[in-house]
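The sequence shown begins at 1 in UniProt numbering and counts up one residue at a time.
Just so you know, even glycine gets a beta-carbon here, dropped at the ideal spot from N, CA and C.
Please read these numbers as outputs of a predicted model, since none were measured by experiment.
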Amino acid sequence: MIYLSRQPRDDLADYLGEHGWRVQFARSVADASRLMRSDDAAAGLVDLSGGFSNRDLGALEACLRRTNIGWVAVTPSVQLDDLGLRRLIRNYCFDYLKQPCSNEAINFVLGHAFGMITLCDFDVAQSVAATSDDEMVGTCDAMQQLFRTIRKLGNTDASVFIAGESGTGKELTALAIHERSERKKAPFVAINCGAIPHHLLQSELFGYERGAFTGANQRKIGRVEAAGGGTLFLDEIGDLPLESQASLLRFLQEGKIERLGGRDSIAVDVRIISATHVDLDVAMHEGRFRADLFHRLCVVRVDEPPLRARGKDIEILAHHVLQKFRSDSARKIRGFTASAIEAMYNYGWPGNVREMINRVRRAIVMAEGRLLSAEDLGLDHFTSQLPITLAQAREDAERKAIEQALLRHRHRLNEAAMDLGISRVTLYRLMGSHGLRDTDERTFDEEPD
Ligand SMILES: Nc1ncnc2c1ncn2[C@@H]1O[C@H](COP(=O)(O)OP(=O)(O)OP(=O)(O)O)[C@@H](O)[C@H]1O
Ligand SMILES: [Mg+2]
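Here you go:
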């Protein structure tokens, strides 16, 4: 166990030693960081009396954040008035004790903290083992909420619209809804609306009769008809050209299709799930997407949380992917180094789960040791061990605050700017300097105030 205290108490250390702990003293946060090089599970006792300077608090937070150590804080009551310390205890410590407290109490709580840490490892292993190939991993509140929604949606036939950044699991969610519905024995047919040019899309969706056009040598059943009785997944619906939107809307209203070159209308019973990473509010505002179609598609809206907002799931997913692909390497890879885990928490994951899968798979192949490092993941710039200038720190914090405000307000600049206490013009400029203006935002910004 690590005993982090400016003035460690010998009697306490002796007592803990007698009760089976191997006590390692750390008189400063830097000392503690040095002791925490290994990934083994351990208990930690942090003595908060005397307080910490603002500079130390940052480093202390990095120490406490370590997931392989179960921290217990001991603190005089007055320290609990300090909001910064309260937050650290609440977010990172297994428990805390107010001084004065007995050695027995400390020993007892440390035992529990250590036990919980070893249990956590077990949890990760369990949640990985319990999932089959295509199941979704997620323990954070947002994912648990998503799972509840998926279960509820299995019981209805309502059209579902799934919004989320690329690689967040939109298709997996659509499939999960299908598999939990009455339609699970019927087909799940996915069509990528963005990948097919308009003139082919009509025949892809609705099929054609023999002789409908030159080269139509035989009848072809479209995807909508093929999904009969089951679920039709319209992926990248935001990229559907306007002309095709009209025919899709007609089908949704009537529940009938006509094959190209055919005369009969054929009734088709399908459940519609659609998804896109495009902001459809913007697209509708700009006239690129029909509002009447959107209202048909979006009876229930599901928002897929971005990976960076999933907390501990980042680590759980990384282990899951490692478990799945570890046999790609001849080496027996045991896990991730502590700084790799830290880097994964610091990184923004623009490509979300898909990017996580790619990075971990690459790391498995590249790794030279038995633990995957931040470097193997290509994330060595995201560990806090690197010296960071104040200017960099400010810039990072600014970028993070802007990203979060944009996320909260689904990229509505006026609201985000208001939250941040700056003007919309300033926000727009800052987004530019932080590289946060992609095509979507740019077009959005042309919208009049
Ligand atoms: N919660 C999760 N648990 C495990 N694997 C996941 C999870 N979410 C997504 N994946 C995996 O991540 C990859 C990307 O998922 P999916 O294709 O569903 O994302 P998407 O949102 O449709 O992406 P895109 O916008 O790029 O089409 C897939 O390999 C999927 O199996
Ligand atoms: Mg997809």
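{"Item": "Contact with chain D by Gly229, beta-carbon distance below 9 Å", "Value": "The chain labelled as chain D is not found in the depicted structure, where only one protein chain is given."}
{"Item": "7 Å CB neighbourhood of Leu80 in its chain, flanking five on each side removed", "Value": "Arg86"}
{"Item": "Contact between the region 279–297 and the region 248–261 (3+ Cβ pairs under 8 Å)", "Value": "yes"}
{"Item": "Ligand 2 heavy atom lying under 8 Å from the CB of Glu165", "Value": "no"}
{"Item": "Distance cut-off 8 Å: Asp235 Cβ against heavy atoms of ligand 1", "Value": "yes"}
{"Item": "Spatial neighbours of Asp11 in its chain, beta-carbon cut-off 6 Å, leaving aside the 5 residues before and after", "Value": "none"}
{"Item": "Coarse secondary structure for Asp440, derived from DSSP in three states", "Value": "For Asp440, the predicted structure reports a pLDDT of 45, less than 50, and the residue's modelled location is therefore unreliable. The matter cannot be settled from this model."}
{"Item": "Whole-Å CB distance - Ser373 paired with Thr337, under 8 Å assumed", "Value": "5 Å"}
{"Item": "Validate contact between the region 145–162 and the region 322–330 using beta carbons, cut 8 Å, 3 pairs", "Value": "no"}
{"Item": "Of the residues Arg394, Asp396 and Met344, the one placed nearest Asp376, counting alpha carbons only", "Value": "Met344"}
{"Item": "Paired residues, beta bridge with Gln99 - DSSP", "Value": "Pro76"}
{"Item": "CB contact flag (Ile2, Ala26, <9 Å)", "Value": "yes"}
{"Item": "Whether Tyr347 touches Leu379 by CB criterion (9 Å)", "Value": "yes"}
{"Item": "Straight-line Cα distance separating Asn68 from Gln7", "Value": "25 Å"}
{"Item": "Through-space distance from Phe52 to Arg9, alpha-carbon basis", "Value": "18 Å"}
{"Item": "Residue range of the unbroken alpha helix (DSSP H) whose run includes Ser33", "Value": "Val29 to Leu35"}
{"Item": "Outcome for His199 when other beta-carbon atoms lying within 10 angstroms are tallied against a minimum of 16", "Value": "exposed"}
{"Item": "6 Å CB neighbourhood of Ala113 in its chain, flanking five on each side removed", "Value": "Ala43, Gly70, Val72 and Phe94"}
{"Item": "Cβ-based burial, Gly435 [other Cβ within 10 Å; buried from 16]", "Value": "exposed"}
{"Item": "Close Cβ partners of Ser159 (< 6 Å) along its chain, the five nearest in sequence each way excluded", "Value": "Ile272, Leu297 and Val299"}
{"Item": "Runs of beta strand (DSSP E) wholly within the region 114–197 (minimum 3 residues, chain order)", "Value": "160–163 and 188–192"}
{"Item": "Rounded Cβ spacing between Leu16 and Asp47 (contact assumed at less than 8 Å)", "Value": "Their Cβ separation, rounded to whole angstroms, is 13 Å, which puts Leu16 and Asp47 out of contact at 8 Å."}
{"Item": "Assumed close pair Gly261, Ala216 - CB separation to whole angstroms, cut-off 8 Å", "Value": "7 Å"}
{"Item": "Opposing strand residues paired with Thr276 [DSSP bridges]", "Value": "Ala163"}
{"Item": "Check: Ile357 C-beta below 8 Å from any heavy atom of ligand 1", "Value": "yes"}
{"Item": "Under 9 Å between C-beta atoms of Arg288 and Phe206", "Value": "no"}
{"Item": "Whether Gly351 touches Cys140 by CB criterion (9 Å)", "Value": "no"}
{"Item": "Beta bridge counterpart(s) of Thr214 as assigned by DSSP", "Value": "None; Thr214 has no bridge partner."}
{"Item": "Best match in His285, Ala226, Asp281 and Pro306 for proximity to Ala267 [C-alpha to C-alpha]", "Value": "Ala226"}
{"Item": "Lys170: CB within 8 Å of a non-hydrogen atom of ligand 2", "Value": "yes"}
{"Item": "Residue closest to Ile177, alpha-carbon to alpha-carbon, out of Gln202, Ile196, Leu146 and Glu165", "Value": "Leu146"}
{"Item": "Rounded straight-line distance, which links the Cα of Leu175 to that of Gly31", "Value": "The identity of residue 31 in the sequence shown is Asp, whereas the question assumes Gly. Their backbone Cα atoms lie some 50 Å apart in a straight line."}
{"Item": "Which residues DSSP lists as bridging Cys93, in chain order", "Value": "Trp71"}
{"Item": "8 Å contact criterion, which Asp235 and Cys193 should meet: CB distance rounded", "Value": "7 Å"}
{"Item": "Ligand 2 heavy atom lying under 8 Å from the CB of Ala275", "Value": "yes"}
{"Item": "Supposed close pair Asp313, Gly138 - CB separation, criterion 8 Å", "Value": "5 Å"}
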